[in-house]
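Here the structure is laid out as structure tokens; the discussion comes afterwards.
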Amino acid sequence: MIRSKDKKFNFEEGAVIEHDLDKAPKTGDWRYMMPKVDKEKCSGCTTCVPFCPEASIEMKKYKEGQRDKADIDYDFCKGCGVCAQVCPMKAITMEKNK
Ligand code: SF4
Ligand code: SF4
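Counting in the working numbering, the sequence shown runs from 10 upward without gaps.
Right under this line is the structure:
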């Protein structure tokens, strides 16, 4: 455990580790199943975003005047299917990776 420097308090110090996304390994290569977002069904609720263990879902503009829709980054998505399970609109389906 790292103690605080002034030793008055006994807590762990945190850290922010910055990394270069361009140099990150593309874990999507391991994927067997692939999530597909039906943009017409997606309500833009963002429920799926924090559940993705790979932080591979981003909300992106789809149509003018509509809420942003879920978009999958296939470079990092591992195809675990969590997003499909939590989507209240059943807008994500898992298909075999091609
Ligand atoms: S399948 Fe898993 S890794 Fe891929 S976007 Fe959904 S939750 Fe994230
Ligand atoms: S949980 Fe479903 S409806 Fe909500 S943003 Fe994600 S894909 Fe769209």
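Positions of the beta carbon are idealized from the N, C-alpha and C atoms, including for glycine.
Note that the coordinates shown come from a computational prediction; the quantities given were computed from them, not determined experimentally.
Exercise for the section: Name the one or two DSSP bridge partners that THR102 has. Expected result: LYS45
Problem - Closest residue to LYS32 among ASP84, MET103, ASN106 (Cα-Cα distance) - result: ASP84
Practice task
Please indicate yes or no: does the CB of PRO34 lie closer than 7 Å to some heavy atom of ligand 1?
Solution key: no
Handout entry: Nonlocal neighbours in the same chain, by C-beta distance under 7 Å from THR36, ignoring five residues either side
Key = GLU63, PHE85, LYS87
Exercise for the section: Pick helix, strand or coil for ASP38, following the three-state DSSP scheme. Expected result: helix
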